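Numbers 1 to 244, taken from the UniProt record's numbering, label the letters of the sequence shown in order. Virtual Cβ for every residue (Gly too), placed ideally from N, Cα, C. From a predicted model like this one, the values you see are computed outputs, not experimental measurements. For reference, the structure is listed below as structure tokens.
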Amino acid sequence: MSLIVFPAIDLKNGQVVRLAEGDMDRATIYGDDPAAQATLFAQAGAQHLHVVDLDGAFAGQSVNGEAVRAIVERFPGHVQLGGGIRTRQSVERWFDLGVARVVIGTAALDDPDFVRGVAGDFPGGIVVAVDARDGLVATKGWADVSTVSATDLARRFEDAGVAALLFTDVGRDGLLKGCNVEATVDLARAVSIPVIASGGVAGIADIHVLALHARDGIEGVITGRALYDGRLDLAAALSVAAAA
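Right, dumping it as structure tokens:
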């Protein structure tokens with residue numbers, strides 16, 4: 001079972017950025033043409049893309065809609081979108097515009113019935129974000145930390161029909177400290193839902209290790225800053241992942 005590599009495009013004020021630990025005040029700008037960046041990833045061989053509307057995550061609704069539409073139009077593969085998607089209307093809107101999967105985070109904790117409903121209506125299209133800080137679920141753009149553990153939240157959707165769980169160790173995101181493989185694998189083994197790893201990927205070594213755990217239920221990995229900083233070659237990462 002091969003590992004899916006999702007290059008990440010995070011959007012803030014229409015620009016391509018990366019945050020450190022989800023802090024909007026610690027943003028590094030990498031470009032002002034998100035669609036062009038998506039094209040570059042496609043040219044390197046990427047068939048999947050992970051896009052986050054960071055402003056939307058804090059606002060609770062889409063903010064960078066124009067940039068997302070441009071990305072979907074230019075990227076020939078599958079686009080996975082998250083950030084501020086908390087209503088059925090927004091879910092339907094993005095599917096109508098050509099997004100392959102939508103990621104639901106805050107609403108998964110606040111309104112699990114909503115997630116179950118859209119997961120049933122859009123089979124294979126809903127991903128639940130399990131964002132954790134010190135093992136506890138973080139919501140609303142990671143600004144709030146709950147008392148619910150990552151594993152407990154994941155298990156609530158065991159029979160909901162969601163396509164995957166997107167697990168992010170918030171404390172590592174954007175810091176190039178290495179992915180929290182242990183916590184990611186523990187979560188994958190605790191549920192039957194495929195898990196996507198995110199947060200802290202520093203280089204090709206992380207891809208190698210995660211690929212070894214594909215059999216444990218790790219479906220894919222999201223990487224951003226390592227690509228933008230030149231620490232990870234996308235073509236090489238895709239090659240390693242394909243051999244998993």
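query, result
"Whole-angstrom Cβ separation of Val-185 and His-213, contact assumed at under 8 Å?", "5 Å"
"Exposed or buried, what is Gly-83 when buried is set at 16 or more other beta-carbons lying within 10 Å of its beta-carbon?", "buried"
"Should the stretch 110-117 be called in touch with the stretch 55-72, which here means at least 3 C-beta pairs below 8 Å?", "no"
"Can you find at least 3 beta carbon pairs, one from the stretch 123-134 and one from the stretch 37-46, that sit closer than 8 Å?", "no"
"Which runs of the beta strand (DSSP E) at least 3 residues long sit entirely within the stretch 118-147? Give them in chain order.", "126-133 and 136-139"
"When DSSP labels each residue in this structure, what does Ile-85 get in the three-state scheme?", "coil"
"Going along the chain, which residues of its own chain have a beta-carbon closer than 8 Å to the beta-carbon of Val-115, five neighbours each way excluded?", "Ile-104, Ala-107, Ala-108, Ile-126, Val-128, Phe-157, Ala-160 and Val-162"
"Relative to the C-alpha of Pro-7, which candidate in Ala-242, Asp-53 and Ala-226 has its C-alpha closest?", "Ala-226"
"Do Gly-203 and Asn-180 count as a contact pair if the criterion is CB distance below 8 Å?", "no"
"Helix, strand or coil for Asp-110? Go by DSSP, reduced to three states.", "helix"
"Between the alpha carbons of Val-195 and Asp-32, how many angstroms are there, rounded?", "31 Å"
"What runs of the beta strand (DSSP E), each 3 residues or longer, lie entirely inside the stretch 25-104?", "48-53, 78-82 and 101-104"
"If you draw a straight line from the C-alpha of Val-221 to the C-alpha of Ala-100, how long is it?", "17 Å"
"So, at 7 Å on beta carbons, what are the nonlocal neighbours of Leu-3 in its own chain, with the 5 sequence-adjacent residues on each side left out?", "Leu-210, Ala-211, Ala-214, Ile-218, Gly-220, Val-221, Ala-241 and Ala-244"
"With 16 other CB atoms within 10 Å as the buried threshold, where does Ser-192 fall?", "exposed"
"What whole-angstrom Cβ distance do Leu-11 and Pro-34 have, given they're in contact under 8 Å?", "6 Å"
"To which residues of the same chain is Glu-182 closer than 6 Å at the C-beta, ignoring the five residues directly before and after it?", "none"
"At which residues does the beta strand (DSSP E) containing Glu-219 begin and terminate?", "218-223"
"Assuming Asp-233 is part of the alpha helix (DSSP H), what are its boundary residues?", "Segment: none, Asp-233 is in no alpha helix (DSSP H) and carries neither H nor E."
"For Asp-121, which of Thr-139, Val-102 and Leu-136 has the nearest alpha-carbon?", "Val-102"
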